[in-house]
Every structure is written in C-alpha cells, then in structure tokens.
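**Student:** I am attaching a structure below and will ask some questions about it afterwards.
Numbering (the numbering used here), first residue to last: 5 to 597.
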C-alpha cells in the first residue's frame, strides 16, 4: 500500500484531492472582485435602508392609507328622506329600504356560466356585465334599488365578490293622482320635480358613516373609529287633501276622455286660508315607475301652461267699473244687434242682446258690453287692476315651474288692444293664476296669498284689497246668475249649494293667427254667500263636438265642488227641489268668446 505524498490529504473513502496541484484551487482571486461583492451587498443594504426611510418616515401617511384601503372601509349610513304628507297626515311619498347590489370586480368569480346566470338575474346583457366588472375598477354598482326577489336570486348564486347593501327608494301611494304635486327623485334620492324638488334641502337629511375592517370575503369583522349617525330628513306637511286631489284627478281624466281632448287641469283653493287643496293634471304618470315617461305626462299644466283667459276676465272689468263709480249693477249698456264696429275691427256677441244692465253683461257674457265698460276707463287703471290680481307675475308659491304669463305695459296698448283685453284676449295667464285671482270675489275684495303647505291655523289669512266688500258681493251675484239656470254655464250648478263663476272659451293661437282648436275652462266660487272654495277647470282641445267652457269644463267644476264641500263639512245652502224647478223653466244663454 502506497503512502500518501507529503502535502496531500485523503478525502472520503479512498478518494483525495491534491490542493497544490489543482489549477482551480491554486489560482489567486483578484482583490477587486471581493471588494465589488462587498460593495454590492453594501449598496443593497443602503437601498433597503433608504426605502425604509421613504416608507416609514417620509411618506408614511400615504402608505398607511394604502394599507388601510386593503382591509378598512367606510360604510355610508344613508339618511332616510323625509315623508311628504297631505293635510291630514296621509302619506303621499315615503322612503323604504331596498337592496342594492355591488361588486369588487377583481374578486368576482370568473366562471363563465356563473357570470351568465348573474347577468340573467340582473336583467342585463352578458357584455354589459363584463363591462361593469372591469378588473381595474375597485367598486361598481350592478343594480341599485333592486327588488327583494332579485336580491335573493343573486345571493343564491353564491358568487364571490358580489355584495349587497340597503338603500332607500321612494314610494308614492297616490300614484298618478298626486304625481304633479309630489314629483319624484332620481336614483341618488335627490328631488327632480314637484315638492320633492322644491323642498330638497329639508327632505334629504344628512348621511352618516361607519368605518369598519372587512375580511377578504367582504364581511365586517371590526368597527374602527367613531360612528357618525345619519340625520333623517324633515317631513313636509302639504295643504293638499288627498281625497279632494284623487277625486279632482278622476274627474278631469274622465272629462278629457269624454271630450276627446288633449289634456286638462283642475285647481282647488281654500278661499279662507289660501291653501291649495288639489292640483291635478291629465295626462299624468306613476312617480314610482317612469320607464316610459314623456314630456306630455310630466308637464304640470295648471302652473306651466298659459293661455288667453277669455271671458273669465269680464267680471274684473265689471268690478273695476263699479269700484271707480262709473257704473252700478243696474246701469244700462247698449250692446246693439250683436256687432260693434270699433277701431277698424268688429266686436261680436253670439247673438243680439240689445240694451242690458251691467249685471246682465256678465250673466250673458257680452263682449260688446264689456268693451264699452272698459273703454270708459284709462288703460293705466285696467293695467293696475290686472297687476293687483296677479297677472303678469310669477305666483309666489313654493313650487317649481310656475310661470308669470303675459301682460304688456299699458303705455303700449292701442285702443283695440284695450278692448280685447277686457274680454281676455291679448294677455295670458295660467289656470293657477286665474284660480288665485278669483279669491278677490271669494274674500270680499281681497286677493290672498296661496300656499302648498299646511297652515298652522284655520283662520282666514290677510289679503290685499282690490275691490270694496260691496263691489265683490255685487260681482258674486253676477257670477251666480252666470252659472245659474239662465246663464252661460248652467251645467256648473251644484245640487244643494249656491255657486257662482265664469266660463271661458278661446281659440288657440299658433304663430300670428288663431286656429279652430279651443281651450275651455270655468272658474268659480262656492257657496256664493260665504265662499269656502275656489275651483278652476281647464280642458285643452276638446274635439267631441262641444267646446264652450260652460258645456265642457262646467260639469267638472260641478262634480269637484260638490265633493270638496262635502269633504270639508260645508252644509248645503239650497233646496235641491227648487233648483230643479228653476232649471226646467230657464232658457240658457250661449257664451261669447
């Protein structure tokens, strides 16, 4: 056995390496290499130290927020929107909690079949769902204000990354009948129309918040920080009576259908408090389901549509003539043979009336008689009276969309224009403006402010005097006969109650001329000796044959007035049997327009 050579060592079991003879082990390592390696290690540690300083000292707040965003969430605690109630506390609009479905896109299960099932339950296309579930988006609403059935079906799918919260949706129990009063909100629960818009600030409340820690499945595991409670919105108590509103809506809806008309409106005012008891329009819409809502349905015509008021202006001219001392109720006016040449034009009545009293001018709705009364007074006096009753001015009411109508300065009036304005042509007003104007006669010469809100007491509100009490009572007597058996609107009579009012009929203006399309309306007060309500009715473009205001709008006035007085507990002041006998004996008069 040979002994190992000097300087060599045995390695393993009989195998050995001679270090002195190995070229790899015998070579010398250059000093710069070791220094380079040490420098690299030093630079790495310096980089880590710099990064630590950057993260933990210089930008610690940013990185803390980024870290918290992975597990900490702020949940919104939505405030419940205030209710809208009628004058007796009946709910017209209220908020109810409903599920809303949302997702964290990058966590949603990628299984195609499950996603297809989700799209089907949500009622959207698969492509639309995929667009919503963009992985770069941290949060997305899949369906807001869903129904409970949809929410249950989504939960049953068991998809990861899909979550549900409760939001508030508005419910409108009165539906179409009160739509133009309450209006509606959008998906963010902000008012868009009606009272919802007018009182947005009071109704909306203030949302709260809650900071929580969620696990990877979206479950809340811990509260962090203080909870900021939500402050619910305030309730709004309206002056509207839901029963009067519903009945008025039904009657105008039926009248539009019966007369094959385009649209219609009704306004009911409390003549003592100035409260709006009803404001109804047709066509209408369901505030809770607006998928196919059109502009025609949305328009609050009683406030937004203006028209030439026609014969409803005649009582004001008579009142001004009496107030100024230029005439008395029994003053005679020669209306001739029904044709009156004036300033190059011819003013006509529907038939010759001859010489009649001022009282009969209103009862028979004579254009010629009204013109002769108007031309006795300066244009300035007429203009001041029109302004005093609210024409040409936007109604001061807490409601969006009310318009001012048209009333030109009196200095621009030509004589023929003053004449036509006396019987309602050449100026314009909304139905709401006309209803308020007639409070002058209901309140013994005072025009009163009107309100959509419930007043804290039932005492009469203070008004602004336009006519003396005696003049107002004299005009009321004229209005009673105008709506009486021998007047132009006998169909406006109410069984058991005395009423007074004035019908109006006007051709619609298109461009610079007038068409054969009509608007028909009636405005009146009841009961006549102690008026409690003012009711105004308008039917737009009746095409079933009748178009005079007394024949088209009068019956709606009669039905709405009767129902309203009964609901208000106003006792009848006439014997029904005597009314029937008087109607059988009288010959009605056809109105002029």
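Positions of the beta carbon are idealized from the N, C-alpha and C atoms, including for glycine. The model shown is predicted, which means the values in this text are computed figures rather than measured ones.
Is the CB-CB distance between residue 340 and residue 508 below 8 Å?
**Tutor:** Locating residue 340 in the chain shown gives position 336, counting from the first residue. Locating residue 508 in the chain shown gives position 504, counting from the first residue. Contact flag unset, no.
**Student:** Please report how far the alpha carbon of residue 117 lies from the alpha carbon of residue 170, in whole angstroms.
**Tutor:** Reading the chain shown from its first residue, position 113 is the one you call residue 117. Reading the chain shown from its first residue, position 166 is the one you call residue 170. Each residue's Cα considered, the two are about 27 Å apart.
**Student:** For the beta strand (DSSP E) containing residue 203, list its first residue and its last residue.
**Tutor:** What you label residue 203 is simply residue 199 of the chain shown in a count that begins at 1. Careful: residue 203 lies outside any beta strand (DSSP E) and carries neither H nor E.
**Student:** Tell me where the beta strand (DSSP E) around residue 509 begins and ends.
**Tutor:** To locate residue 509, count along the chain shown from 1; it is residue 505. It spans 504-514 - the beta strand (DSSP E) in which residue 509 sits, taken as one unbroken run.
**Student:** Determine the DSSP secondary structure at residue 36, reduced to helix, strand or coil.
**Tutor:** Here residue 36 is taken as the residue at index 32 of the chain shown, counted from 1. The answer is helix: DSSP assigns residue 36 an H, G or I state.
**Student:** Within a Cβ cutoff of 6 Å, which residues of the same chain sit near residue 202, ignoring the five residues on either side of it in sequence?
**Tutor:** Stepping through the chain shown from its first residue, residue 202 is reached at position 198. So the list reads 402, 403, 404, once near-sequence residues are dropped.
**Student:** Among 501, 98, 407, 575, which has the Cα closest to the Cα of residue 187?
**Tutor:** Position 183 of the chain shown holds residue 187. Minimum Cα distance to residue 187 is reached at 98.
**Student:** Less than 7 Å between C-beta atoms, sequence neighbours within five positions excluded: which residues of the same chain meet that for residue 266?
**Tutor:** As a position in the chain shown, residue 266 is number 262, starting the count at 1. Only 544, 545 meet the Cβ criterion.
**Student:** What distance in whole Å lies between the Cβ atoms of residue 263 and residue 556, which are believed to be in contact at a cut-off of 8 Å?
**Tutor:** As a working mapping, residue 556 is identified with position 552 in the chain shown. As a working mapping, residue 263 is identified with position 259 in the chain shown. Yes, residue 556 and residue 263 are in contact; Cβ-Cβ is about 6 Å, under 8 Å.
**Student:** Using the Cα positions of residue 506 and residue 479, report the straight-line distance between them to the nearest angstrom.
**Tutor:** For the purposes of this step, residue 506 is taken as residue 502 along the chain shown, with counting starting at 1. For the purposes of this step, residue 479 is taken as residue 475 along the chain shown, with counting starting at 1. The alpha-carbon atoms of residue 506 and residue 479 are separated by roughly 11 Å.
**Student:** Would you tell me roughly how many angstroms separate the C-alpha atoms of residue 576 and residue 303, rounded to the nearest one?
**Tutor:** Your numbering for residue 576 matches position 572 in the chain shown. Your numbering for residue 303 matches position 299 in the chain shown. Approximately 36 Å between the Cα atoms of the pair.
**Student:** Looking only at C-alpha atoms, which of 48, 416, 40 sits nearest to residue 2?
**Tutor:** For residue 2 there is no data in the structure shown, the boundaries of the chain being 5 and 597.
**Student:** Under 8 Å, with one C-beta from each stretch per pair, do the stretch 304-312 and the stretch 269-276 reach the 3-pair mark?
**Tutor:** As far as the Cβ criterion goes, the stretch 304-312 touches the stretch 269-276, which means the pair count is three or higher.
**Student:** Roughly how many angstroms separate the alpha carbons of residue 45 and residue 53, rounded to a whole number?
**Tutor:** The residue given as residue 45 occupies position 41 in the chain shown. The residue given as residue 53 occupies position 49 in the chain shown. Taking the straight line joining both Cα atoms gives about 12 Å.
**Student:** Would residue 133 pass as a contact of residue 123 if the rule is Cβ separation under 8 Å?
**Tutor:** Position 129 of the chain shown holds residue 133. Position 119 of the chain shown holds residue 123. Yes, they are a contact pair.
**Student:** Can you give me the start and stop residues for the alpha helix (DSSP H) that residue 124 sits inside?
**Tutor:** For this step, residue 124 is matched to residue 120 along the chain shown. 116-126 is the extent of the alpha helix (DSSP H) around residue 124.
**Student:** In the DSSP assignment, the beta strand (DSSP E) including residue 352 goes from what residue to what residue?
**Tutor:** Start at 1 with the first residue of the chain shown, and residue 352 comes out as number 348. Per DSSP, residue 352 belongs to the beta strand (DSSP E) from 349-352.
**Student:** So what's residue 258 in DSSP terms, helix, strand or just coil?
**Tutor:** Numbered from 1 along the chain shown, position 254 holds the residue referred to as residue 258. Helix.
**Student:** Rounded to the nearest angstrom, what separates residue 352 and residue 377 at their Cα positions?
**Tutor:** Counted from its first residue, the chain shown places residue 352 at position 348. Counted from its first residue, the chain shown places residue 377 at position 373. Using only the alpha carbons, I get a separation of about 15 Å.
**Student:** Taking the beta strand (DSSP E) that residue 168 belongs to, which residues open and close that run?
**Tutor:** Taking the first residue of the chain shown as position 1, residue 168 is located at position 164. First-last of the beta strand (DSSP E) with residue 168: 166-175.
**Student:** What is the rounded straight-line gap between the Cα of residue 521 and the Cα of residue 256?
**Tutor:** Along the chain shown, read from residue 1 onward, the residue named residue 521 stands at position 517. Along the chain shown, read from residue 1 onward, the residue named residue 256 stands at position 252. Approximately 19 Å between the Cα atoms of the pair.
**Student:** Could you tell me the alpha carbon to alpha carbon distance between residue 176 and residue 252, rounded to whole angstroms?
**Tutor:** Counting from one through the chain shown, the residue named residue 176 turns up at place 172. Counting from one through the chain shown, the residue named residue 252 turns up at place 248. Approximately 18 Å between the Cα atoms of the pair.
**Student:** Kindly give me the distance between the Cβ atoms of residue 326 and residue 470, rounded to whole angstroms, as I take these residues to be in contact under 8 Å.
**Tutor:** Mapped onto the chain shown, residue 326 falls at position 322. Mapped onto the chain shown, residue 470 falls at position 466. The Cβ separation is near 12 Å, so there is no contact.
**Student:** Once DSSP output is grouped into helix, strand and coil, what is the label at residue 140?
**Tutor:** Start at 1 with the first residue of the chain shown, and residue 140 comes out as number 136. Coil at residue 140, not helix or strand.
**Student:** Does DSSP classify residue 341 as helix, strand or coil?
**Tutor:** Locating residue 341 in the chain shown gives position 337, counting from the first residue. It is coil, neither helix nor strand.
**Student:** Below 8 Å, can you find three or more Cβ-Cβ pairs linking the stretch 275-290 to the stretch 443-458?
**Tutor:** Contact holds: three or more Cβ-Cβ distances are below 8 Å.
**Student:** Helix, strand or coil for residue 477? Go by DSSP, reduced to three states.
**Tutor:** For the purposes of this step, residue 477 is taken as the residue at position 473 of the chain shown. Note: residue 477 maps to helix in three-state DSSP.
**Student:** Taking the continuous alpha helix (DSSP H) assigned at residue 152, which residues delimit it?
**Tutor:** The residue labelled residue 152 in the question sits at position 148 within the chain shown. From DSSP, the alpha helix (DSSP H) with residue 152 extends over 152-161.
**Student:** How would you write the range of the beta strand (DSSP E) that residue 537 sits in, first residue to last?
**Tutor:** Here residue 537 refers to the residue found at position 533 of the chain shown. 537-544 is the span of the beta strand (DSSP E), which, as asked, contains residue 537.
**Student:** Which of helix, strand or coil does DSSP assign to residue 550?
**Tutor:** Mapped onto the chain shown, residue 550 falls at position 546. It is coil, neither helix nor strand.
**Student:** If I follow the unbroken beta strand (DSSP E) through residue 523, where does it start and stop?
**Tutor:** As a first step, residue 523 is located in the chain shown; it is residue number 519 there, counting from the start. Residues 517-530.
**Student:** Buried or exposed for residue 136, going by 16 or more other Cβ atoms inside 10 Å?
**Tutor:** As a position in the chain shown, residue 136 is number 132, starting the count at 1. By the 10 Å Cβ count, residue 136 comes out buried.
**Student:** Please classify residue 189 as buried or exposed, where buried requires at least 16 other C-beta atoms within 10 Å of its C-beta.
**Tutor:** As a position in the chain shown, residue 189 is number 185, starting the count at 1. Buried, since its Cβ has 16 or more Cβ neighbours within 10 Å.
**Student:** Identify the continuous alpha helix (DSSP H) that holds residue 559 and give its terminal residues.
**Tutor:** Counted from its first residue, the chain shown places residue 559 at position 555. Taken as a continuous stretch (DSSP letters only), the alpha helix (DSSP H) holding residue 559 covers 558-571.
**Student:** Given that a residue counts as buried once 16 or more other Cβ atoms are within 10 Å of its Cβ, and exposed if not, what is residue 579?
**Tutor:** Taking the chain shown and counting its residues from 1, one reaches residue 579 at position 575. So residue 579 ends up on the exposed side.
**Student:** What residues in its chain sit with their C-beta under 7 Å from that of residue 232, if we drop five residues either side in the sequence?
**Tutor:** Within the chain shown, residue 232 is the residue found at index 228, counting from 1. Closer than 7 Å at Cβ, skipping near neighbours: 212, 213.
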